[in-house]
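*Asks:* Numbering (my numbering), first residue to last: 35 to 351.
Here's what the structure looks like:
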């Protein structure tokens with residue numbers, strides 16, 4: 035399984051490199067943003083709605099992606115300039131050479147809002163982290179979900195050989211298996227974790243106490259970054275403005291979240307939009323831990339350099 039995942043990613047990197055050769059050499063005002071149906075991308079929609087991109091002279095095209103796989107395929111084909119992904123995704127893209135660069139946090143957990151949670155089915159009788167020893171936990175292999183699951187359980191005292199996972203890549207399938215009782219436990223992103231709890235699952239562990247393992251990131255293709263540095267700064271400035279609007283009046287933007295399918299409709303009356311982070315980037319320590327985990331899993335063979343993969347130079351100071 036690991037080798038198959040690695041081969042798919044290697045092919046993606048080859049295609050990505052080819053696509054970048056054909057990328058337009060002229061700086062432009064167009065930005066193509068690939069977004070998943072997740073709350074992390076709400077500021078992009080709000081910036082578009084409020085006209086912030088237009089005010090900065092940006093022609094922003096928001097391109098919805100049904101899955102991370104589709105998002106990555108569009109990126110490697112040269113059809114996207116900016117995406118929201120995570121440190122694992124960046125490291126895997128850059129395992130041979132630098133292809134993408136993380137430029138700003140999109141979402142991070144805090145003391146009030148979690149980003150990922152391990153939940154257990156009601157029928158499992160699991161109520162605490164230690165109950166998960168030897169219990170298969172539904173994850174998507176070689177992703178942030180897989181990494182967060184193992185790191186959170188390590189923090190609770192579980193050893194590597196006590197943590198068992200099972201591959202269920204699609205979040206809806208993972209959630210359905212959990213709610214049917216076919217799966218005793220799963221790691222889910224919010225708001226799907228909140229939805230599972232609402233439907234009877236038990237919240238066992240989340241990332242509020244250990245936020246450094248989580249976080250999503252705005253990432254840009256390297257070639258786009260080299261050709262359009264000022265455009266990236268303007269994009270991030272527009273996102274900053276939108277984040278300010280959202281954090282001041284959270285419930286005002288629930289309509290957009292529902293319209294863009296970032297939130298299950300059943301949660302509309304009780305879900306509180308999380309706090310979006312200030313303009314910042316992951317630190318070196320977080321990156322090093324991700325690289326260490328990827329090497330443990332034999333997903334990369336050589337360290338990928340933080341200085342080449344993450345930068346704060348586009349952030350407003």
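Positions of the beta carbon are idealized from the N, C-alpha and C atoms, including for glycine.
Report, in whole angstroms, the separation of the C-beta atoms of residue 290 and residue 125, which I expect to be a contact under 8 Å.
*Replies:* Within the chain shown, the letter at position 256 stands for residue 290. Within the chain shown, the letter at position 91 stands for residue 125. No, residue 290 and residue 125 are not in contact; Cβ-Cβ is about 32 Å, not under 8 Å.
*Asks:* Please return the same chain residues whose Cβ sits closer than 6 Å to the Cβ of residue 227, not counting the five positions on each side in sequence.
*Replies:* As a first step, residue 227 must be located in the chain shown, where it is residue number 193. The answer, listed in chain order, is 151, 153.
*Asks:* Tell me which same chain residues have a C-beta within less than 7 Å of the C-beta of residue 199, skipping the five on either side of it?
*Replies:* Translated into positions along the chain shown, residue 199 becomes position 165. Only 170, 171, 173, 180, 183 meet the Cβ criterion.
*Asks:* Pick out whichever of 70, 65, 175, 158 has its Cα sitting closest to the Cα of residue 82.
*Replies:* If you number the chain shown from 1, residue 82 lands on position 48. Considering only alpha carbons, the answer is 65.
*Asks:* Based on the DSSP secondary-structure assignment, which residues constitute the bridge partners of residue 150?
*Replies:* By 1-based counting over the chain shown, the position of residue 150 is 116. Partner(s): 223.
*Asks:* Start and end of the alpha helix (DSSP H) containing residue 319?
*Replies:* Numbered from its first residue, the chain shown carries residue 319 at position 285. Taken as a continuous stretch (DSSP letters only), the alpha helix (DSSP H) holding residue 319 covers 318–330.
*Asks:* Here's a check: name, in chain order, each residue in its chain whose Cβ is nearer than 6 Å to the Cβ of residue 88, leaving out the five neighbours to either side.
*Replies:* Within the chain shown, the letter at position 54 stands for residue 88. So no residue of the chain qualifies.
*Asks:* Keeping to the same chain, check which residues put their C-beta closer than 6 Å to that of residue 315; ignore five residues upstream and five downstream.
*Replies:* Numbered from 1 along the chain shown, position 281 holds the residue referred to as residue 315. Here the set comprises 344, 346.
*Asks:* Determine the DSSP secondary structure at residue 111, reduced to helix, strand or coil.
*Replies:* Against the chain shown, residue 111 aligns to sequence position 77. Looking at residue 111 - three-state DSSP - the assignment turns out to be coil, as it is neither helix nor strand.
*Asks:* Residue 65 lies in the alpha helix (DSSP H); which residues open and close that run?
*Replies:* Here the question's residue 65 lines up with position 31 in the chain shown. Careful: residue 65 lies outside any alpha helix (DSSP H), inside the beta strand (DSSP E) at 64–69.
*Asks:* List the endpoints of the continuous alpha helix (DSSP H) containing residue 169.
*Replies:* Position 135 of the chain shown, counting from 1, holds the residue named residue 169. Here residue 169 belongs to no alpha helix (DSSP H), and DSSP marks it neither H nor E.
*Asks:* By a C-beta neighbour count over all protein chains shown, 10 Å radius and 16 as the cutoff for buried, is residue 146 buried or exposed?
*Replies:* Numbered from its first residue, the chain shown carries residue 146 at position 112. Exposed is the call here.
*Asks:* Mind checking residue 233: buried by the 16 CB within 10 Å criterion, or exposed?
*Replies:* Within the chain shown, the letter at position 199 stands for residue 233. By the neighbour-count rule (16 or more Cβ atoms within 10 Å), residue 233 is not buried but exposed.
*Asks:* Along the alpha helix (DSSP H) that carries residue 89, what are the first and last residues, could you check?
*Replies:* Numbered from 1 along the chain shown, position 55 holds the residue referred to as residue 89. It spans 86–89 - the alpha helix (DSSP H) in which residue 89 sits, taken as one unbroken run.
*Asks:* Compare the beta carbon distance of residue 265 and residue 96 with 8 Å and say whether it is the shorter of the two.
*Replies:* By 1-based counting over the chain shown, the position of residue 265 is 231. By 1-based counting over the chain shown, the position of residue 96 is 62. Against a cut-off of 8 Å, the Cβ pair of residue 96 and residue 265 comes out as no contact.
*Asks:* Out of curiosity, what's the CA-to-CA distance linking residue 283 and residue 292?
*Replies:* The sequence position of residue 283 within the chain shown is 249, counting from 1. The sequence position of residue 292 within the chain shown is 258, counting from 1. Cα-Cα distance, rounded: 16 Å.
*Asks:* So which of 294, 288, 320 has the shortest CA-CA distance to residue 305?
*Replies:* On the chain shown, position 271 is the one that residue 305 refers to. Here the closest residue by C-alpha is 288.
*Asks:* Residue 276 and residue 84 - do their beta-carbons sit closer together than 8 Å?
*Replies:* To locate residue 84, count along the chain shown from 1; it is residue 50. To locate residue 276, count along the chain shown from 1; it is residue 242. In contact: residue 84 and residue 276 (Cβ atoms closer than 8 Å).
*Asks:* Assess, as a yes-or-no matter, whether the stretch 98–105 is touched by the stretch 246–253 under the definition of 3 or more beta carbon pairs within less than 8 Å.
*Replies:* Because the criterion of three Cβ pairs below 8 Å is not met, the stretch 246–253 and the stretch 98–105 do not touch.
*Asks:* Once DSSP output is grouped into helix, strand and coil, what is the label at residue 280?
*Replies:* Taking the chain shown and counting its residues from 1, the one referred to as residue 280 is at position 246. The answer is helix: DSSP assigns residue 280 an H, G or I state.
*Asks:* So, are the CB atoms of residue 122 and residue 178 less than 8 Å apart?
*Replies:* The residue you call residue 122 lines up with position 88 of the chain shown. The residue you call residue 178 lines up with position 144 of the chain shown. In this structure, residue 178 lies closer than 8 Å to residue 122 by Cβ.
*Asks:* Please name the residue, chosen from 295, 327, 113, that lies closest to residue 185 on a Cα-to-Cα basis.
*Replies:* The sequence position of residue 185 within the chain shown is 151, counting from 1. It is 327 whose Cα lies nearest to the Cα of residue 185.
*Asks:* Can you check DSSP and say which residues form a bridge with residue 95?
*Replies:* What you label residue 95 is simply residue 61 of the chain shown in a count that begins at 1. The partner list for residue 95 (beta bridge, DSSP) reads 66.
*Asks:* How far does the beta strand (DSSP E) with residue 141 in it reach, from first residue to last?
*Replies:* For the purposes of this step, residue 141 is taken as the residue at position 107 of the chain shown. Where residue 141 is concerned, the enclosing beta strand (DSSP E) stretches over 134–141.
*Asks:* Use the C-beta contact count for residue 218: other C-beta atoms within 10 angstroms, 16 or more gives buried, fewer gives exposed.
*Replies:* Within the chain shown, the letter at position 184 stands for residue 218. Its Cβ being crowded by 16 or more others within 10 Å, residue 218 is buried.
*Asks:* Identify, in the order they occur along the chain, each residue of the same chain with its Cβ nearer than 8 Å to the Cβ of residue 71, setting aside the five sequence neighbours on each side.
*Replies:* Position 37 of the chain shown, counting from 1, holds the residue named residue 71. Result list for residue 71: 98, 100, 294, 295, 296, in chain order.
*Asks:* Where do the ends of the alpha helix (DSSP H) carrying residue 252 lie?
*Replies:* If you number the chain shown from 1, residue 252 lands on position 218. First-last for residue 252: 250–255, but that is the beta strand (DSSP E), not the alpha helix (DSSP H).
*Asks:* For residue 325, count the other beta carbons within 10 Å of its own beta carbon; 16 or more makes it buried, fewer makes it exposed. Which is it?
*Replies:* As a first step, residue 325 is located in the chain shown; it is residue number 291 there, counting from the start. With 16 or more Cβ atoms within 10 Å of its Cβ, residue 325 is classed as buried.
*Asks:* With DSSP run on the structure shown, which of helix, strand or coil describes residue 239?
*Replies:* Counted from its first residue, the chain shown places residue 239 at position 205. Three-state result, residue 239: strand.
*Asks:* Identify whether residue 117 lies in helix, strand or coil by the three-state DSSP scheme.
*Replies:* Along the chain shown, one-based indexing puts residue 117 at 83. The answer is strand: DSSP assigns residue 117 an E or B state.
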